[in-house]
Structure formats: C-alpha cells, structure tokens
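Chains as they are written, first to last, in my numbering: chain W, 1 to 183; chain X, 184 to 385. All C-beta atoms, glycine included, are put in the ideal place defined by N, C-alpha and C. Here's the structure we're looking at; comments come further down.
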C-alpha cells in the first residue's frame, strides 16, 4: 500500500485556545475560592458583598450597563463560535509535488521574500517588497531611476518566472508598482 | 495524529465556550431589551426573593465551588494538551529474515530510534549550498512514520534546485534506509530574511 502525501497543515488556533483556557482557569479558581469563603465564613473574600447585592438590586434588566455587558458577552461568544467553526487557514502555500507520497509547501513569508529577492535582481531596483493576496503578488519596487518605463515589465517577468519555478498549486497574478526615490 | 487531536480539541473547547457565552449573553440581552415583556425588563437583576433563597440555601455555594473547580481542571487540561507533541521516538522497520547486521531481529521487525534517521537526514540537507537550517523529525505511527522536514533557505537560493536535491538525495536515502520507497514526507520551506545590505547594487 502506497502512503499518500501528508495534507498541508492548517492553523490549530493555539493562541485563542491558550487565552480562553487561561481565562477559564482563573475564573474557575476565583469562583471556587469565593464560593468556599461564602460557605465557610458567610462572606466573600476581599469583596463587599452587601454593596454588590445592593448594586444588583438597584439596577434593572433594562439598565444600559446590563445591556452593554450582555452585548459584549454575546459578541465574544459569537466570535469564539465562528473561530471554532470556520476552517483555519493553511499554514503553508502548497507547491506542486510530483512524488505521490510527499507534500511540499512554502511559508507565505518565505514565498514573498523569495519573490522580492527575484525582483531585487533587476537593474535599477534598489528595494523590492512583495505582498501576497488572494491569488495576487503585489510587488512594490523602489528605484532611483528617473526613466523607469521598462522597470514594471522586467520586474513582472522576473517575479512571474520565480513563481513558475516554485510551481505553487494556486498561481499568483503579478502586479507591479514602481516608486521613485533617490538614495 | 496527535496534532490533529489537539486541533480538534481546540475547536471543541472554543465552540463550547463560545456557545455558553452566546446563550447567556443572548438571554440577558433579550431580557434587557424587553423581549420577555417590559415588566420583566424593569425588574431588578437581583430580586429580594432571590436574595432570600440564597440566604437559606447555603449548599448552593458548595455547588458553585464544585463547578468552579471542574471548570479550572478542564481548563488546565486544555492548556497541558497544547504542549503535546506528535514527535515519534522510535520506528518499527521490517527487516529481511536473512539480515545479519541487525542486532535484535524479532519476527523480521526491528525497533529503531527515530532520532538516528532524522538527524542523518537533517545533517545531509544541511550540507547543501543555500540551506541555512534544517529541522527534521518523524511523526505518525511507529510502523507508518511520516518524515517532516522544515528547511530554511537563503533568500536568493535557487529554491527548485534545493528542492530537487532534498527529494532526490536526502529523502531518497531515508527511504532506502527504511526500505520504504513510499515514506510519507512533508517538506516545509522557509526563506530566511535577507541579511543587511547583502543586496547587489547596480
């Protein structure tokens, strides 16, 4: 049986999970400590219970503060739910791989750096930067040249060539913007 | 695989937390905006009846404490799971019955430390020109491992060429060593940041 190529890994939502888990841990411990204090001493720890009870007693459900707090909770809840349900972005840009048991990908940052390096090679380019969007590689080059009419074509060809060499599964349309700046 | 388990766990954890917040917040919001009638909306959040009930029902605090401890334990477990690695420490390799150079041949299979293979593959790739650093490790099942190669290359290197060398030489050697021509392999390429003023001016 031939082993199939491993799938390109996707994000694992570790940051969100760690933040939510730490907050839940803190909230759980805090609630437990307060509840035990209340059970044993009849009053909470470092909190003015009568004042809080009085405050809650005086505010009605339609208080703007209650509405605002509820709205914040609802939005956070909805956001977490979307984060959980929506598919995570792939962590790599997949490249065509002829070997059936192998998968190859390049990090998005790596992709834009190697494309920028390709643009940098063109005569007259002093600095190049590539931003990857959905299917586009927006290239910005800085040149000291006054007459740089030929630059966009040359840069575009070099970047397109580098993209073709890397052979990503989903290609990029190369766009070039030239900015003139004296060194 | 372990990582997939962690990823799935994170999704479930976030979804459950989000759902609880959404339901609780949504209920308060609806009541606050008068969805259950204006009489309910004008009522205090904490009524005298509720205060009286809590004063007489002392055990409620034990229940709250228990729920708090449970949430804390689950959250702690959730945090620890993030540290789980999918790294494989040993491999099972099918060996020929006639092989004489293998020490502990048991029913034609042998145990290998995974580190030996990944170190060998890593140091081989490290020698290729244009390669900055390599991180090689194995994941998956001991009898069906996956080779993972994280390779950082110089910004100006001929990436396709390095790729070809990795596949044709390092990966091919690993496959020969394990006698698995179809060893699942994941190559993850990164391009290093250009070092200061290493660019060629006109």
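Roughly how many angstroms separate the alpha carbons of residue 215 of chain W and residue 340 of chain X, rounded to a whole number? With chain W running from 1 to 183 in the structure shown, residue 215 of chain W is simply not present.
Taking only the alpha-carbon atoms, compute the straight-line gap between residue 331 of chain X and residue 322 of chain X and give it to the nearest angstrom. When rounded, the separation of the alpha-carbon atoms in residue 331 of chain X and residue 322 of chain X is 7 Å.
Are the segment 165 to 172 of chain W and the segment 341 to 348 of chain X in contact at 8 Å, needing three or more beta carbon pairs? Touching, per the Cβ criterion.
Does any residue of chain W have a CB that is nearer than 8 Å to the CB of residue 288 of chain X? At residue 288 of chain X, the pLDDT of 48 sits below 50, so the modelled position is not reliable and the matter cannot be decided from this model.
What would DSSP say about residue 129 of chain W, mapped onto helix, strand or coil? DSSP places residue 129 of chain W in the strand class (E or B) of the three-state scheme.
So, helix, strand or coil for residue 220 of chain X, using DSSP? In the three-state reduction of the DSSP assignment, residue 220 of chain X falls in the coil class.
With a CB to CB cut of under 7 Å and the five nearest residues on each side skipped, what residues in its chain are close to residue 196 of chain X? Counting only residues of its own chain and dropping the five nearest sequence neighbours on each side, residue 196 of chain X has a CB closer than 7 Å to the CB of 261.
Below 8 Å between beta carbons: does that hold for residue 84 of chain W and residue 198 of chain X? In contact: residue 84 of chain W and residue 198 of chain X (Cβ atoms closer than 8 Å).
For residue 90 of chain W, which option in W/13, W/3 and W/2 has the closest C-alpha, if you only look at C-alpha atoms? Nearest of W/13, W/3 and W/2 to residue 90 of chain W, Cα basis: W/13.
Range of the contiguous alpha helix (DSSP H) that encloses residue 85 of chain W: 64 to 85 is the extent of the alpha helix (DSSP H) around residue 85 of chain W.
Inter-residue Cα distance where the pair is residue 76 of chain W and residue 23 of chain W: Near 13 Å, if we compare the C-alpha coordinates of residue 23 of chain W and residue 76 of chain W.
Kindly list, in the order they appear in chain W, the residues whose Cβ is closer than 8 Å to that of residue 244 of chain X. 35, 36, 38 and 39, listed in chain order.
Could you confirm whether any beta carbon from chain W is found closer than 8 Å to the beta carbon of residue 377 of chain X? At least one chain W Cβ lies under 8 Å of residue 377 of chain X.
Check each residue of the segment 221 to 234 of chain X: if its Cβ is closer than 7 Å to any Cβ of chain W, include it; give the result in chain order. Of all residues in the segment 221 to 234 of chain X, 223, 224, 225, 226, 227, 228, 229 and 234 have a Cβ within less than 7 Å of some Cβ in chain W.
Cβ closer than 9 Å: which chain W residues qualify as neighbours of residue 308 of chain X? Simply none; closest approach about 13 Å.
The segment 204 to 216 of chain X contacting the segment 32 to 39 of chain W, beta-carbon criterion three pairs below 8 Å: Taking 8 Å as the limit for Cβ pairs, the verdict is that the segment 32 to 39 of chain W does not touch the segment 204 to 216 of chain X.
Bridge partner(s) assigned by DSSP for residue 294 of chain X: Answer is X/275, bridged to residue 294 of chain X.
Are the segment 219 to 227 of chain X and the segment 106 to 115 of chain W in contact at 8 Å, needing three or more beta carbon pairs? Contact between the segment 219 to 227 of chain X and the segment 106 to 115 of chain W is absent, because fewer than three Cβ pairs lie under 8 Å.
Can you tell which of X/259, X/319, X/346 and X/327 has its C-alpha closest to the C-alpha of residue 333 of chain X? Closest option to residue 333 of chain X, Cα to Cα, is X/319.
Return the CA-CA distance between residue 151 of chain W and residue 71 of chain W, expressed in angstroms with no decimal places. Distance between the alpha carbons of residue 151 of chain W and residue 71 of chain W: 53 Å.
Does the Cβ of residue 82 of chain W have 16 or more other Cβ atoms within 10 Å, making it buried, or fewer, making it exposed? Looking at its Cβ environment, which holds fewer than 16 other Cβ atoms inside 10 Å, residue 82 of chain W is exposed.
Counting only C-beta atoms, is residue 204 of chain X closer than 8 Å to chain W at any point? Yes, residue 204 of chain X lies at the interface with chain W (some Cβ there is under 8 Å from its Cβ).
So with CB distances below 8 Å, who are the chain W contacts of residue 350 of chain X? Here the neighbours are 99 and 102.
Taking C-alpha atoms, which residue in W/68, W/31 and W/59 lies nearest to residue 246 of chain X? Nearest to residue 246 of chain X by alpha-carbon distance, out of W/68, W/31 and W/59, is W/31.
How about residue 353 of chain X and residue 276 of chain X: are their beta carbons less than 8 Å apart? Taking a C-beta distance under 8 Å as the contact criterion, residue 353 of chain X and residue 276 of chain X do not qualify as a contact pair.
Could you please tell me which residues of the segment 131 to 165 of chain W, in chain order, have their CB closer than 7 Å to any CB of chain A? Going by chain labels, chain A is absent from the structure shown, which instead holds the protein chains W and X.
Quick check: what's the CA-CA separation for residue 160 of chain W versus residue 80 of chain W? For residue 160 of chain W and residue 80 of chain W, the distance between alpha carbons rounds to 39 Å.
Distance, Cα to Cα, residue 138 of chain W vs residue 312 of chain X? Taking C-alpha positions only, residue 138 of chain W is separated from residue 312 of chain X by approximately 29 Å.
Applying the 10 Å Cβ sphere with the 16-neighbour rule, what's the burial state of residue 120 of chain W? Classification of residue 120 of chain W: buried, given that the 10 Å Cβ count is 16 or more.
Cβ-based neighbour list, residue 144 of chain W, same chain, cut-off 8 Å, excluding 5 preceding and 5 following: Answer for residue 144 of chain W: 124, 126, 180, 181, 182 and 183, listed in chain order.
Can you list, in chain order, the residues of its chain with a C-beta nearer than 7 Å to that of residue 309 of chain X? Leave out the 5 residues immediately preceding and following it. Answer for residue 309 of chain X: 317, listed in chain order.
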